[in-house]
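Notes for the one structure printed next.
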Amino acid sequence: MQVSVVLVVFILLLFNLGGWFAWKVSQQRLDERLDLQLIEEGRSLRVYIEQLPLRVEGELDEAALLDASLYLREVARESTLRRLFLFDPGGRVWFDSREEVSPGQGEPLLVADQEQLEQLWQGQPATTPFYPIQQGYAKRAYVPIRDEQGMPVWGLALEAGSEAFA
447 MQVSVVLVVF ILLLFNLGGW FAWKVSQQRL DERLDLQLIE EGRSLRVYIE QLPLRVEGEL
507 DEAALLDASL YLREVAREST LRRLFLFDPG GRVWFDSREE VSPGQGEPLL VADQEQLEQL
567 WQGQPATTPF YPIQQGYAKR AYVPIRDEQG MPVWGLALEA GSEAFA
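Note that the sequence shown covers residues 447 to 612 in my numbering.
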């Protein structure tokens, strides 16, 4: 009798661990797929922005910035992305689709993403893990915007909520 109880407990434990492992693997694969999806969307958006002379001799070009803002605003309106914002290496936001940050002001949320920003300023796209927001969960991707020499001079953040991944 005791042996059969131990065997049943062992089988149940093994079954639950197998289910948990399968759930973790599928969650990790989904996370990787969503990372790639956000990064690819960011890469396609940056093609247009990199054609604009956002800085001329170190000075911000207002006309080019307006052009980039209009383009990103239209993209944000037509996409399922929760938020798009364009920022400089100092963390100042120059376009925000949700207007959470005024142009030229710092984005406080960037402080939490230092690891991703280090990767971004080295020229590589980066993504955050899922994080809680009021309407569920979201994740953010950062894509570098490069100058004529191929150096990252701007960051484009794409934030997607749970509804974008449904």
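Positions of the beta carbon are idealized from the N, C-alpha and C atoms, including for glycine.
Computed from a prediction, not measured in an experiment: that's the story for all the values here.
Between residue i and the ligand NAP, is the CB less than 7 Å from at least one heavy atom?
{"i": "residue 592", "result": "What this structure holds is no ligand at all, so the ligand NAP is not there to describe."}
Between the options, which lies nearest to residue i when the distance is taken from Cα to Cα?
{"i": "residue 591", "options": "449, 458, 494 and 609", "result": "494"}
{"i": "residue 570", "options": "547, 578, 601 and 543", "result": "601"}
{"i": "residue 479", "options": "491, 582, 507 and 575", "result": "575"}
{"i": "residue 551", "options": "545, 526 and 539", "result": "539"}
{"i": "residue 579", "options": "456, 607, 572 and 487", "result": "607"}
{"i": "residue 549", "options": "609, 595 and 537", "result": "537"}
On the criterion of 16 or more Cβ atoms from any shown chain inside 10 Å, does residue i qualify as buried, or is it exposed?
{"i": "residue 450", "result": "exposed"}
{"i": "residue 461", "result": "exposed"}
{"i": "residue 581", "result": "exposed"}
{"i": "residue 523", "result": "exposed"}
{"i": "residue 559", "result": "buried"}
Check for me: the beta strand (DSSP E) holding residue i runs from which residue to which?
{"i": "residue 534", "result": "No beta strand (DSSP E) holds residue 534; DSSP gives it neither H nor E."}
{"i": "residue 524", "result": "Run containing residue 524: none in the beta strand (DSSP E); it sits in the alpha helix (DSSP H), 508-524."}
{"i": "residue 602", "result": "598-607"}
{"i": "residue 578", "result": "577-579"}
{"i": "residue 590", "result": "582-592"}
Quick check on DSSP: helix, strand or coil for residue i?
{"i": "residue 456", "result": "helix"}
{"i": "residue 465", "result": "helix"}
{"i": "residue 554", "result": "helix"}
{"i": "residue 488", "result": "helix"}
Which residues in the same chain as residue i place their Cβ atom closer than 7 Å to its Cβ, once the five residues preceding and following it in sequence are excluded?
{"i": "residue 567", "result": "535 and 598"}
Leaving out five residues before and five after residue i in sequence, what residues of the same chain have Cβ atoms less than 6 Å from its Cβ?
{"i": "residue 603", "result": "531, 586 and 588"}
{"i": "residue 515", "result": "541"}
Kindly indicate the opening and closing residues of the alpha helix (DSSP H) around residue i.
{"i": "residue 527", "result": "No alpha helix (DSSP H) holds residue 527; DSSP gives it neither H nor E."}
{"i": "residue 545", "result": "It is not in any alpha helix (DSSP H) - residue 545 carries neither H nor E in the DSSP assignment."}
{"i": "residue 560", "result": "560-567"}
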